[in-house]
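Read top to bottom, the protein sequences are chains A and B. Per numbering that gives the first Met the number 0, residue 0 is the first one in the first sequence, and the count goes up by one each step. Per numbering that gives the first Met the number 0, residue 0 is the first one in the second sequence, and the count goes up by one each step. Each residue gets a CB set at the ideal place from its N, CA and C atoms; glycine is no exception. First the structure, in the form of structure tokens, and then the observations on it.
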Amino acid sequence: MTQPAIDSPAAAPQTRGGFWRLLRDPMGAVGLTIVVALILSAVFAPWLAPYDPAAINVPIKLQPPSWDHWLGTDQLGRDVLSRALYGGQIALGVALVSTCLAVGIGMILGMAAGFGPRWLDNIIVLSFDTVRAYPVIILALAVGPIFGAGIVTIIGILVATSIPYYGRIVRTSIISAAKSEYVEALLAMGMSRTRIVVRHILPNIIGPILILASMDIPTFIAAEAGLSFLGVGVKPPTSSWGLILDDGYKFIRQTSWLVIAGSVPLILATLGFTFLGEALRDTFDPKLRKEV
Amino acid sequence: MLLHSDFRPKPLSFVRSALFGVALTVGAAAAGAPAVAAEQLRMAVPSDPGYLDPAYWGSTVDQFLIDNLYPRLAKYAPDGKEWKVELADAKSIDMSDPMNIVFELKPGIMWAGGYGELTAEDVKYSFERHLDPDLESSLAPEFSSLEEVEVTGKYTGIIRLKEPSATLWASTLVSTGGAIISKAAAEEADGYFEATPVATTGPYRLKEFEPGNKLVLERNPDWTGETGDFDEIVLLPIGDENAAELAFSAGEIDFMRHSAGNFDTLKANPPADSEIFMVQSIDPIWLGITASHEKLQDQRVRNAIQLAIDVPTILQATSGGYSKQATGIVAEGLPGYRAGKELKRDVDKARELLAEAGADGLNVRLDYVNTTERNTAAQIIQANLAEVGITLDLNAQDEGTFWNIDEAKAADMQMHLKAWTGNPEGFYTLQYFVGDQIGVWNWEAYQDDEYERLLEEARVTQDAAARGEIYETMQQMLEDSGTFLFIAQDPYVVVHRKGMVPGILPDGRPVFHAFKKAE
């Protein structure tokens, strides 16, 4: 039996021309440029970094910027530019992996809660509320010593504390969509709930969710830096922006360059992803477009 | 003259404090009785005290307070120049018989809190309690040669020894371990107390203790001996040295002693109204390599680790080159110092030893207290060991976690980087590297019968120079075993208000009553 042709409301293509609209938005263009530059610098760090980021050279410790060391050196004489470039791999890697996992798991749980039986919804919502009750930092400080500091621990903490956020949004969207006429029509025609969710509801909500996720990436980057600063994150000799900041704080009486070197990439990443996220929202959110 | 008031405005709340000050002045004037501010000496200390019972003391702050609040027979002179012993609360001490130390206390020394006068009974109680196995005193090894304290009069007694022990006097009785507590007060507390001392004597007594905030000592009205210039001593726990420097610059503290890493910066850009100088510490820092751990049981592996590490580079990074590489537990200038015995780095030899031992791809863990200096040193050690193919996992811990050891932790100990409070007498530290102390203080699990024989020989050797020679041999044995890599006795930087004369021991430890105000 073939399914009747019933279009869900947002099934019309949205991406055509969207990229150019994004580029025409100054905020979008700046955001995209920064993000692309950060990603390229992280990916090509092994070729761009002038020195081995772990190479210790104590006689030249805490040097200000110079032609040899564009961002100076740290307390062990390591080249800060090289460490910042490699630190980008950690920051972006952690942020992207955490975001993908949090969005993916959050969507699955949100869909299960929104379209599943009532008892399942109650359990999932209770779990979301329980996890959300813990501030990220407190949870990190409690869990970090148990599992040991490291990238996996950071990602685990960020994913665990972000799943409820995405899950709740998906759940609400599905509950809202489930009451719509087109879903009721599809149900009346015998289409399975799973198929309705996957084929008709999900395409409607995935866009806004991805826009939200892109705007959360800087939060993840800052969280990674913060957790590394607190000693829960990556461990030496791995470089991260948080560790550079931590060193900068410890040696701020001797030099301020370490703090600057750790802060600038964080600020750029935050600005870049925020600009891009907002521009994406303005460009692709149909509701906003109509208002415009 | 320094005058510090409880109402000193803080920079960030100056306006509010100034208004408060105006209100206070108006209020005081209206009442017709202007408030008299106590003259305070405010010190930054690394932490709160943990245990003020001499049986359990552990931290630097415990030591500061025990040394300043409890009476003792003799003490080190606070002239800041040399380790010179002088009488403290004893009127006389006769050590002409090596088996019997005869003492007479000064009369009229009163315990605060109404616990009466300091007597020979207190001395007997204080020293003999360390031998009680139920107390589990950490000083038990130091008192192991004590037979008893015989009380011969209200103020007189004889410390009787099982065997002649030069070190009981030199390393224990004149140091923190020689603190005397009030028998009456301790018994009232069932013989056990922690951060609140049961009764004290001396120029100052405890006024208030707010954990994490401050500990205040005030003048002891019952004290008839030499008094201090300041009405109150305020200890502020500021673990972070940058924060302590900022507090000093803001006028919040008057004295601090911290690591030498910032010395050049401080000298180049000194806080206003400050004097800065460096003192030589006797606190040994070393890398401990636990011989009992399965990864480190092969002595060749331990020796390879020793040879792979670049100690001069560590010192350059952590103390700006002001530290000298240590040759042992004993600091330069003291009996037992091993002159010219610095271990030289030899990467090729290290690789050779690892290859012989078949220790390819070795992965070990280094535990240390999470401070700037230790973190810096640990990262250099990590890089050095990577050169010979050893992967080092860094495990920075807070101070409490690091020092808290139980059976499970002792069994899992691999490598650790640590400093101990030193003592001019080498025996003080060396006595802990024996079989009985494995899993307690002997984290290296070092055990050697010959070492323990030499330890007993040192204990009964009266001549300090001869004891020093024994200590040299013992330290050589520790190094050869591969369980110790001696790093330094790092100097300290002392920063204090201009004009003030700090009362300190040669390593910068404060003696509260010996601080003199600026004229």
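Alpha-carbon spacing of residue i relative to residue j, whole angstroms
i, j, result
"residue 34 of chain B", "residue 231 of chain B", "Legend: pLDDT at residue 34 of chain B = 47, less than 50; position of this residue unreliable, no value from coordinates given."
"residue 165 of chain A", "residue 96 of chain A", "15 Å"
"residue 417 of chain B", "residue 373 of chain B", "8 Å"
"residue 194 of chain A", "residue 45 of chain A", "46 Å"
"residue 64 of chain B", "residue 51 of chain B", "7 Å"
"residue 170 of chain B", "residue 203 of chain B", "25 Å"
"residue 134 of chain B", "residue 441 of chain B", "20 Å"
"residue 212 of chain A", "residue 74 of chain A", "36 Å"
"residue 155 of chain B", "residue 93 of chain B", "11 Å"
"residue 53 of chain A", "residue 20 of chain A", "43 Å"
"residue 390 of chain B", "residue 227 of chain B", "53 Å"
Interface flag, residue i vs chain A, CB-CB below 9 Å
i, result
"residue 420 of chain B", "no"
"residue 179 of chain B", "no"
"residue 378 of chain B", "yes"
"residue 395 of chain B", "yes"
"residue 261 of chain B", "yes"
"residue 349 of chain B", "no"
"residue 330 of chain B", "no"
"residue 271 of chain B", "no"
"residue 385 of chain B", "yes"
Buried or exposed by the 16-neighbour rule on C-beta atoms within 10 Å, applied to residue i
i, result
"residue 63 of chain A", "exposed"
"residue 223 of chain B", "exposed"
"residue 278 of chain A", "buried"
"residue 168 of chain B", "buried"
"residue 37 of chain A", "buried"
"residue 498 of chain B", "exposed"
"residue 39 of chain A", "exposed"
"residue 25 of chain A", "exposed"
"residue 402 of chain B", "exposed"
"residue 334 of chain B", "buried"
"residue 263 of chain B", "exposed"
"residue 452 of chain B", "exposed"
"residue 188 of chain A", "exposed"
"residue 249 of chain A", "buried"
"residue 151 of chain A", "exposed"
"residue 75 of chain B", "buried"
"residue 280 of chain B", "buried"
"residue 266 of chain A", "exposed"
"residue 474 of chain B", "buried"
"residue 124 of chain B", "buried"
"residue 252 of chain B", "buried"
Residue i: contacting residues in chain B (beta-carbon distance under 9 Å)
i, result
"residue 251 of chain A", "241"
CB contact below 9 Å: residue i versus chain B
i, result
"residue 143 of chain A", "no"
"residue 62 of chain A", "no"
"residue 85 of chain A", "no"
"residue 248 of chain A", "yes"
"residue 280 of chain A", "no"
Residues that residue i contacts on chain B, provided the C-beta gap is smaller than 7 Å
i, result
"residue 57 of chain A", "312, 315 and 316"
"residue 74 of chain A", "316 and 375"
"residue 53 of chain A", "382"
Partner residues on chain A for residue i, Cβ-Cβ distance less than 9 Å
i, result
"residue 64 of chain B", "Within chain A, no residue comes near residue 64 of chain B; the closest Cβ sits about 28 Å away, beyond 9 Å."
DSSP state of residue i mapped onto helix, strand, coil
i, result
"residue 114 of chain A", "helix"
"residue 487 of chain B", "strand"
"residue 88 of chain A", "helix"
"residue 324 of chain B", "strand"
"residue 285 of chain B", "strand"
"residue 272 of chain B", "coil"
"residue 344 of chain B", "coil"
"residue 524 of chain B", "The structure shown does not extend to residue 524 of chain B, since chain B is modelled only from 0 to 518, so the question has no answer here."
"residue 142 of chain B", "coil"
"residue 229 of chain A", "coil"
"residue 102 of chain B", "strand"
Heavy atom of the ligand SAH within 8 Å of residue i beta-carbon
i, result
"residue 304 of chain B", "You won't find the ligand SAH in this model; it holds no ligand whatsoever."
Beta-carbon neighbours of residue i, restricted to chain A and to distances below 7 Å
i, result
"residue 464 of chain B", "Going along chain A, no residue has its Cβ under 7 Å from residue 464 of chain B, so there is no contact; the nearest lies around 38 Å."
"residue 390 of chain B", "Neighbours of residue 390 of chain B on chain A: none; closest Cβ ~10 Å, over 7 Å."
"residue 369 of chain B", "230"
"residue 244 of chain B", "252"
"residue 264 of chain B", "252 and 253"
Listed by chain order, chain A residues near residue i by CB distance under 8 Å
i, result
"residue 381 of chain B", "235 and 236"
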